[in-house]
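Numbers in this note's numbering are just positions in the sequence shown, counted from 1, shifted up by 535.
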Amino acid sequence: MKRIFFFMCLLALTACDRPQYDMQMVCQDGAKGHLLVDAKVYETHADLVVKRLTKELRAKAQGQKSVWLADHTWLYNQIPQIDDVIEITLPVNEADEYEAPGKMKFVLGHSLLTGGLTFTIWHATDNNLTMDDGENIPDGQYIVGSRCEPVLYPVDETLQNIPDEQRKEIKNCLAYLSEQMFGDTEKEMLVFDENTGREMYIYADTIKTIFNGMDPKHFFSENANYYPEDAQHACDIANRLREYIATHIDAEYIPVPQDIVSVSQGETMTISCDGKDIVIRGE
536 MKRIFFFMCL LALTACDRPQ YDMQMVCQDG AKGHLLVDAK VYETHADLVV KRLTKELRAK
596 AQGQKSVWLA DHTWLYNQIP QIDDVIEITL PVNEADEYEA PGKMKFVLGH SLLTGGLTFT
656 IWHATDNNLT MDDGENIPDG QYIVGSRCEP VLYPVDETLQ NIPDEQRKEI KNCLAYLSEQ
716 MFGDTEKEML VFDENTGREM YIYADTIKTI FNGMDPKHFF SENANYYPED AQHACDIANR
776 LREYIATHID AEYIPVPQDI VSVSQGETMT ISCDGKDIVI RGE
């Protein structure tokens, strides 16, 4: 009986150490980021391992607000590059949410439609956020949530046989090249300058030179598993492309129209063009 009692106590202690939920999730939010999260959720705390999966480079360079917001949240500032990882323990708070106060929250909820369990990461502001209207948002204020979905059948990670630091560098270079490949990648590409967001075209001969005759489509991030030998040249190609853009962007960038007028639905506006009045109606 003593043996059985001891065994039962051991089982009870083991059960106490077992997380209520142990899963891998991918989380996406309005700040234009994807995160891979390994979560072990206990009654008293949640242990998270968070990895950054994507960066929206073109949108960030062009100042799109949803992407710009990611630079002012605590979690994204801890993992600025693809494959950066942070491990964090979040104690449960009085609202039964898992929280590092003023930094991030991990919230379990229920779907209003199905009643099923939901997981959300809430991001707090960081790094002196100022809105377009000039309002200053204090650090530590929760502003945007990332809805998380379980990853049930993960596949082998990209470029698995390459050392971690080299793989991380290659992935960031592939992300840069992926963002540059707008258009028919063999005939022309609409590329952008990271510093100003300005865009310009490069054409077939230049593309062939920069990519060393390799097919540009091999350098989309999602194709790295299929063309690992080409992918290992990604950073050399990215550096050549950056150098070419820096040299030519001032002369070849595409001007952005400055006078843009929006017409709401049902609104009528008259403009003059070459001495003629043109009536525009919003549909």
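All C-beta atoms, glycine included, are put in the ideal place defined by N, C-alpha and C. From a predicted model like this one, the values you see are computed outputs, not experimental measurements.
Worksheet item: Helix, strand or coil: which one does DSSP assign to F758?
Response: The question names Phe, but residue 758 is Asn in the sequence shown. Helix at N758.
Discussion item. Just to confirm before moving on: does the CB-CB distance between L588 and L571 stay below 8 Å?
Written reply: Yes, Cβ-Cβ distance for L588 and L571 is below 8 Å.
Practice prompt. Run the CB neighbour count on D719, radius 10 Å, all protein chains shown included, and call it buried at 16 or more, exposed below.
Written response: It counts as exposed.
Worksheet entry | Three-way DSSP call (helix, strand, coil) for Y611 in this model | In the three-state scheme derived from DSSP, where H, G and I count as helix and E and B as strand, Y611 is classed as helix.
Worksheet entry | Segment contact flag, the region 654-671 with the region 606-613, C-beta cutoff 8 Å, min 3 pairs | Taking 8 Å as the limit for Cβ pairs, the verdict is that the region 606-613 does touch the region 654-671.
Worksheet entry | Under 8 Å between C-beta atoms of D573 and V584 | Cβ distance < 8 Å, so D573 and V584 count as in contact.
Fill in: Residues that G637 bridges to, as DSSP identifies them
Paired residue(s): none; G637 is not in a bridge.
Worksheet item: What does a CB cutoff of less than 8 Å around H569 pick up in its chain, not counting 5 residues either side in sequence?
Response: So the list reads V561, C562, Q563, R587, L588 and T589, once near-sequence residues are dropped.
Worksheet entry | First and last residue of the uninterrupted beta strand (DSSP E) at S681 | Per DSSP, S681 belongs to the beta strand (DSSP E) from Y677 to P685.
Fill in: Cβ shell of Y711 (< 7 Å), same chain only, five flanking positions each side left out
Cβ within range, chain order: L592 and A773.
Practice prompt. Note down, in chain order, each residue of its chain lying with its Cβ closer than 7 Å to the Cβ of G732, except the 5 sequence neighbours on either side.
Written response: If we look at G732 and ignore the five residues flanking it on each side, its Cβ neighbours are A596, Q597 and G598.
Worksheet item: Does the pairing of the region 667-677 with the region 697-711 give three or more beta-carbon distances under 8 Å?
Response: Using a C-beta cut-off of 8 Å, the region 667-677 makes no contact with the region 697-711, since fewer than three inter-stretch Cβ pairs fall below that distance.
Item to complete: Could you round the C-beta distance between F754 and L709 to whole angstroms and report it? I think they count as a contact, below 8 Å.
Response: Correct: roughly 6 Å between the Cβ atoms.
Practice prompt. Closer than 8 Å by C-beta to T665: which residues in its own chain qualify, once you throw out the five before and the five after it? Chain order, please.
Written response: Leaving aside the five residues that flank T665 on each side, the residues in its chain whose CB is nearer than 8 Å to its CB run, in chain order, N671 and I672.
Practice prompt. Would you list the one or two residues that DSSP bridges to F727?
Written response: Bridge pairing for F727: E734 [DSSP].
Practice prompt. Assign A769 to one of two classes, buried (16 or more other C-beta atoms within 10 Å of its C-beta) or exposed (fewer than that).
Written response: By the neighbour-count rule (16 or more Cβ atoms within 10 Å), A769 is buried.
Item to complete: Could you check which residue in N707, V576, Y633 and E757 has the C-alpha nearest to that of Q616?
Response: Of the candidates N707, V576, Y633 and E757, the one whose C-alpha sits nearest the C-alpha of Q616 is N707.
Worksheet item: Using the C-alpha atoms, what's the distance from E714 back to A786?
Response: Their backbone Cα atoms lie some 22 Å apart in a straight line.
Discussion item. Under DSSP, the alpha helix (DSSP H) around K706 begins and ends at which residues?
Written reply: That run of the alpha helix (DSSP H) goes D699 to Q715.
Item to complete: Under 8 Å by Cβ, that's how I've got I742 and P751 pegged, so tell me the actual separation to the nearest angstrom.
Response: Between P751 and I742 the Cβ distance is about 6 Å, and since that is below 8 Å, they are a contact.
Worksheet item: What number of angstroms, rounded off, separates the C-alpha of F717 from the C-alpha of D668?
Response: A straight-line Cα-Cα distance of about 32 Å links F717 and D668.
Worksheet item: Do you know offhand how far E684's Cα is from Y788's?
Response: If you take the alpha carbons of E684 and Y788, they lie about 40 Å apart.
Worksheet item: Out of curiosity, what's the CA-to-CA distance linking T579 and V686?
Response: Cα to Cα, T579 sits roughly 24 Å from V686.
Worksheet item: Which partner residues does E622 have in the DSSP bridge list?
Response: Under the DSSP definition of a beta bridge, E622 partners with V584.
Fill in: Bridge-paired residues (DSSP) for L664
L664 is bridged to I672.
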